[in-house]
Amino acid sequence: MTTTVEPEAPEAPEPRPRDLSVRELARWIWRQLTSMRTALLLLLLTALAAVPGSLIPQEGVDSLKTSRWQDQHPTLTPIYDRLGLFDVYSSAWFSAIYLLLMISLVGCIVPRLGVYWRALRAAPPSAPRRLDRLPAHASYTSEQSVEEVLDRARGVLRGRRYRLADGDGAVSAEKGHLREAGNLVFHLALLVVLAGFGLGSLYGYKGGAIIVVGDGFSNTLTSYDDLAPGRLFDPDVMEPFTFTVDDFSAQWLYTGPRAGMAQKFEAPLTYRTEPGAQEEHYDLRVNHPLSIGGTDIFLIGHGYAPVITVTDGDGNVAASGPRPFLPTDGRTFRSFGVVKAANASPTQIGLQGELYPTYAFDHDHGPYSTFGEALDPFISMTVWTGDLGLSNGTPQSVYALDTAQMTMLKKDDGAPFRVDLRPGESVELPDGLGKVSFDGLQPWVRVQISRQPGIHLALGGVIAALLGLLGSLFIRPRRLWVRARTGEGGTLVEVGGLDRTEGGDPADEVAAIVAALRGEPAPDRPGDPQREEPEA
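Okay, so the sequence shown: first residue is 127 according to our numbering, each after it adds one.
Next comes the structure, spelled out in structure tokens:
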């Protein structure tokens, strides 16, 4: 007799996206987007996308540093600018990742909320038929009746914060639902954090300004050296405060491994919250911002402003006052700056060069600064004459000199004519062009002023995320069952436990419940110093 075995029909291949209808394709894309794998991938992409914002100078954070970087890297600048790497967090590609992450998180969380709600309202499952097959199991014989055992079990389990349900000769118990709640809170908190940052980037603003000690600042758009407003920013929300930088001090380290560095920066301010308001005082320090309404003022940098006076060939003062020089070396505060004398006669004069707070000279490397504190300040600048380019209507940085239509002054031997001065010194320019004097040195501070409407929302989200993460890590969901039935010699009591997380061991819990049901002390736990027997 021959038996014919029909071959099994091959499984139908999973439909490919190109084989789906428009509606089916949309559902397939939605399922892919809202999967946990995609959410984790987008979260990783968000972290990776933020890396260029930390490595490359950002226009919204420090436009001066960004412009210097662009001048030093003329080849990379057009490429980076086209990719939006100088303003990463406002770029289209970062916004796309950001929005996709929010959509993915919403798609992951909303269905799970319904599942969690149904699980929370459901009664603990009935006891399995064979409790002895559970990972943790114990049994004993009691002289109490079945009802007495079950009543005692209910009291013990309620005392251990279990949810209960009665079955046929058994009590079902369950706890640990807050673990899933913590998981959901963590993911919801991520949405809150993203929403907080989104509100700040849309409605807030961030700007910076360099202020020489003794000068003031008014919170208007034209007072900022650089300003990065949100897309929906309204200038009317800017608080009308003003402040004056009264002084600046820093403690310099002279010995030890950090010698040459400064610490404990402090800039006393006098401010008014609005015109006509009473003057108030505040000591602005690093990480201790001044908050006025919804705006925060941070101290983020400092430097030196040489007081330079340019007298033209007619004996008139063409330019005078402190000129902030920008540090090119954050340790020694070697700084670069320019002076523009647009009113000089018979021709406009421009100076550019460096300041050395503690001057030193080496024949191999030339002039340099040995220390950041202004112990022996010295300026060395080249002189340019001609058209400064201020009258053609093109915006120009006050920290850069446009020499396209200017000529450098030179000595008879062809070497550049340099203005090398210490405070109190002056030098006559050749050809009767005038005189330059170095009158003194004043410190300046750089402040960052920002308004982030969603910052408190984001902070609350971070705190909620931490709490949710702790709950999801340390709360163990468990199920326990206590069954009692009449047997030989009394009532047979069975207790079984199941831990619903990987690596969990409910044996200690089962042992503790059995001890409580029998009225015995809790069993010793290995390594518990309070229960170890004293040595003989």
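Even glycine gets a Cβ: it sits at the ideal position worked out from N, Cα and C.
Restricting attention to GLU274, ALA253 and HIS263, the CA atom closest to the CA of ALA291 is found in ALA253. Annotation: the stretch 409–434 contains the following complete segments of the beta strand (DSSP E) (minimum length 3 residues), in chain order: 416–418. Following the DSSP letters along the chain, one finds VAL573 in no alpha helix (DSSP H) but inside the beta strand (DSSP E) bounded by residues 560–577.
Following the DSSP letters along the chain, one finds ARG153 inside the alpha helix (DSSP H) bounded by residues 148–159.
Taking the Cβ atoms as the reference, PRO415 lies roughly 11 Å from ASP409, outside the contact range of under 8 Å.
Assignment of alpha helix (DSSP H) within the stretch 195–258, counting only whole runs of 4 or more residues, yields 202–209 and 218–247 in chain order. In the same chain as THR370, and ignoring 5 residues on each side of it, the C-beta atoms closer than 8 Å to its own belong to GLY340, ASP341, GLY342, PHE343, LEU395, THR396 and TYR397, in chain order. The beta carbon of ALA264 sits closer than 6 Å to the beta carbons of VAL621, VAL636 and VAL640 from its chain, once the five residues preceding and following it are set aside; these are given in chain order.
Cβ contact annotation for LYS390 (same chain, cutoff 7 Å, sequence separation greater than five): ALA376 and GLN377, in chain order. Judged by DSSP in its simplified three-state form, GLY594 adopts helix.
Of SER217, VAL275, TRP570 and LEU316, the smallest CA-CA separation from CYS234 is found for LEU316. Taken in chain order, the complete alpha helix (DSSP H) segments of 4 residues or longer contained in the stretch 300–380 are 303–329. In the structure shown, LYS191 falls within a helical segment according to DSSP collapsed to helix, strand and coil.
In the structure shown, the three-state DSSP call for GLY476 is strand. Counting along the chain, the unbroken beta strand (DSSP E) around VAL553 starts and ends at 551–555.
If you look at THR396, you'll find it in the beta strand (DSSP E) that goes 388–398.
Residue nearest to ILE589 within the set ASP565, VAL311 and THR484 is VAL311 (criterion: CA-CA distance).
Buried is the label assigned to THR437, since at least 16 other Cβ atoms lie within 10 Å of its Cβ.
For GLU620, the uninterrupted beta strand (DSSP E) run begins and ends at 616–625, by DSSP.
For GLY463, the enclosing beta strand (DSSP E) has its first and last residue at 461–467. Counting only residues of its own chain and dropping the five nearest sequence neighbours on each side, PRO493 has a CB closer than 8 Å to the CB of GLU480, TYR482, TYR485, ALA486, PHE487, PHE504 and SER506. The C-alpha of ALA321 lies about 18 Å from the C-alpha of SER576. Contact between the stretch 434–451 and the stretch 562–574 is established, with three or more Cβ pairs separated by less than 8 Å.
At a Cβ-Cβ threshold of 8 Å, ALA642 and ALA262 do not count as neighbours.
Annotated three-state conformation of VAL524 is coil, per DSSP.
The beta carbon of GLY285 is closer than 6 Å to none in its chain, skipping five residues each way along the sequence. Below 8 Å, enough C-beta pairs join the stretch 226–233 and the stretch 317–337 to call them touching: three or more. Apart from sequence neighbours up to five positions away, the residues of its chain that approach PRO178 with a beta-carbon distance below 8 Å are LEU211 and VAL214, ordered along the chain. In the DSSP assignment, SER268 falls within the beta strand (DSSP E) that extends over 262–268.
Rounded to whole angstroms, the Cβ separation of GLN474 and LEU514 is 5 Å, and the two are in contact under 8 Å.
The three-state secondary structure of THR511, taken from DSSP, is strand.
Assignment of GLY447 by DSSP, reduced to helix, strand and coil, places it in the strand class. In this structure, PRO250 and ARG289 form a Cβ contact; the two beta carbons are roughly 6 Å apart against a cut-off of 8 Å. Beta-bridge partners of PHE504 (DSSP): TYR482.
For PRO183 against THR192, the beta-carbon gap comes to about 4 Å, under 8 Å, which counts as contact. Contact between the stretch 354–372 and the stretch 530–546 is absent: fewer than 3 CB-CB pairs across the two stretches fall below 8 Å.
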